[in-house]
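Heads up, the sequence shown is in this note's numbering, so the first residue is 242 and it goes up one at a time. We put the CB at the ideal spot given by N, CA and C, even for glycine. Report on one structure; see the data block that follows.
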Amino acid sequence: MSAAADRARLAAAVATLRAWLREPLERGLIAGSGLSGLAEGLEAPRRLDFAAIPGWPLSTVEGHAGTLIAGRLGGRSVLVCAGRAHLYEGYDAFEASFNVRVMAALGLRSLVVTNAAGALHPDYGPGDLMLIEDHIYLPGLAGLHALRGPNDADIGPRFPVMAGAYDPALRARAGAAGREIGLRMHEGVYAMVAGPSFESPAEARFLRAIGADAVGMSTVPEVVVARHAGIQVLGISLITNRVQMANPSVASEEADLHAEVNAVGQQAAPRLAELLTRVLAA
Ligand code: HPA
Numbered sequence: 242m243s244a245a246a247d248r249a250r251l252a253a254a255v256a257t258l259r260a261w262l263r264e265p266l267e268r269g270l271i272a273g274s275g276l277s278g279l280a281e282g283l284e285a286p287r288r289l290d291f292a293a294i295p296g297w298p299l300s301t302v303e304g305h306a307g308t309l310i311a312g313r314l315g316g317r318s319v320l321v322c323a324g325r326a327h328l329y330e331g332y333d334a335f336e337a338s339f340n341v342r343v344m345a346a347l348g349l350r351s352l353v354v355t356n357a358a359g360a361l362h363p364d365y366g367p368g369d370l371m372l373i374e375d376h377i378y379l380p381g382l383a384g385l386h387a388l389r390g391p392n393d394a395d396i397g398p399r400f401p402v403m404a405g406a407y408d409p410a411l412r413a414r415a416g417a418a419g420r421e422i423g424l425r426m427h428e429g430v431y432a433m434v435a436g437p438s439f440e441s442p443a444e445a446r447f448l449r450a451i452g453a454d455a456v457g458m459s460t461v462p463e464v465v466v467a468r469h470a471g472i473q474v475l476g477i478s479l480i481t482n483r484v485q486m487a488n489p490s491v492a493s494e495e496a497d498l499h500a501e502v503n504a505v506g507q508q509a510a511p512r513l514a515e516l517l518t519r520v521l522a523a
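Structure follows, in structure tokens:
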């Protein structure tokens with residue numbers, strides 16, 4: 242789509258949400274695969290389906306609800322995006338970051354992004370959390386960058402810096418809160434791939450070799466757009482599976498990794514919700 246069409250699409254969604262929201266946004270939260278339950282702790286929740294927002298890309302994946310939930314958490318106004326648009330669904334990088342573009346236009350200053358991710362680091366296991374300390378944006382490096390195209394200098398610079406993108410103070414606060422409630426937490430590098438195939442063993446070894454600790458199919462388009470707009474970011478990966486690094490001697494049975502990802506997500510959602518309540522309320 243043209244840049245003008247993108248701008249018009251964004252403006253329509255922003256106008257709808259401005260009319261719907263009842264108070265200024267203080268915190269945004271994007272809930273990843275199987276993590277829609279994160280919104281359950283919100284006080285006075287109000288829901289709006291993505292389908293009711295003009296221009297908003299709809300979720301086509303099981304485990305992604307496709308709803309915005311506005312409410313309060315620890316006295317702060319919070320907007321939760323339950324569901325997101327992924328490149329593998331056929332969305333482009335603009336659409337995969339549409340949620341954050343809208344929240345930025347609504348004045349958001351602080352955002353928590355969550356996702357489900359596969360472990361590349363040998364010490365990580367299903368159910369662990371990884372605070373994202375840095376990312377490797379493979380689709381972005383290959384040209385599918387969310388900020389490709391004309392730059393709106395009113396929002397941010399043409400060449401935004403990504404060092405320190407994941408706010409060190411927020412990360413420290415999340416780490417301390419996680420330890421208080423006894424969660425297994427790590428800090429590491431998240432590699433984004435486009436999907437939808439899970440990594441082959443050779444791709445997994447490649448990702449590990451270039452410095453990734455976990456891999457997933459989302460989040461980074463949202464983070465680069467948030468940082469471009471000067472929004473503070475906390476990124477949390479829920480490790481749902483270990484990524485296979487060696488090829489078996491016989492072709493393996495079709496594993497239902499997607500079901501596993503959602504199941505671990507649902508199990509871990511209450512613990513992650515408790516962590517987020519503490520982080521968002523601060
Ligand atoms: N690879 C890519 N994305 C993922 C994975 C994985 O193993 N697990 C959850 N999201």
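Query                                                                                                                           : Result
At least 3 beta-carbon pairs within less than 8 Å: the segment 312–330 vs the segment 439–456                                   : no
Contacts around A432, its chain only, beta-carbon distance under 6 Å, and the 5 residues preceding and following it disregarded : I377, L448, A453, V456
Any non-hydrogen atom of the ligand HPA within 7 Å of M458 CB                                                                   : yes
Any non-hydrogen atom of the ligand HPA within 7 Å of E463 CB                                                                   : no
Heavy atom of the ligand HPA within 7 Å of A358 beta-carbon                                                                     : yes
Check: N392 C-beta below 7 Å from any heavy atom of the ligand HPA                                                              : no
T481: CB within 7 Å of a non-hydrogen atom of the ligand HPA                                                                    : yes
Beta bridge counterpart(s) of V354 as assigned by DSSP                                                                          : I271, G476
heavy atom of the ligand HPA below 7 Å from E444 C-beta                                                                         : no
Nearest residue (CA-CA) to A225, options A467, R412, G384                                                                       : Because residue 225 is not part of the residues shown, which for the chain are 242 to 523, the question remains open.
Straight-line Cα distance separating D393 from A245                                                                             : 12 Å
Residues that E284 bridges to, as DSSP identifies them                                                                          : R313
Inter-residue spacing [alpha-carbon to alpha-carbon] between A203 and D333                                                      : Missing from the structure shown is residue 203; the chain here goes from 242 to 523 and no further.
Backbone CA spacing between A487 and H499 [nearest angstrom]                                                                    : 20 Å
Runs of beta strand (DSSP E) lying entirely within the segment 361–433, each at least 3 residues, in chain order                : 370–378, 426–433
Nonlocal neighbours in the same chain, by C-beta distance under 8 Å from G348, ignoring five residues either side               : P265, L266
Per DSSP, cross-strand counterpart(s) of A323                                                                                   : A272, T308
G506 in three-state terms, based on DSSP                                                                                        : helix
Reduced DSSP secondary structure (H/G/I, E/B, other) of L289                                                                    : strand
For A254, three-class secondary structure by DSSP                                                                               : helix
Three-pair Cβ contact test at 8 Å for the segment 338–356 versus the segment 461–480                                            : yes
Cβ-based burial, W261 [other Cβ within 10 Å; buried from 16]                                                                    : exposed
Limits of the unbroken beta strand (DSSP E) element including V197                                                              : Missing from the structure shown is residue 197; the chain here goes from 242 to 523 and no further.
Rounded separation between P409 and E440 - CA only                                                                              : 30 Å
Near the ligand HPA: V502 beta-carbon under 7 Å from a heavy atom                                                               : yes
Reference G273, options A293, A510, T518, closest by Cα                                                                         : A510
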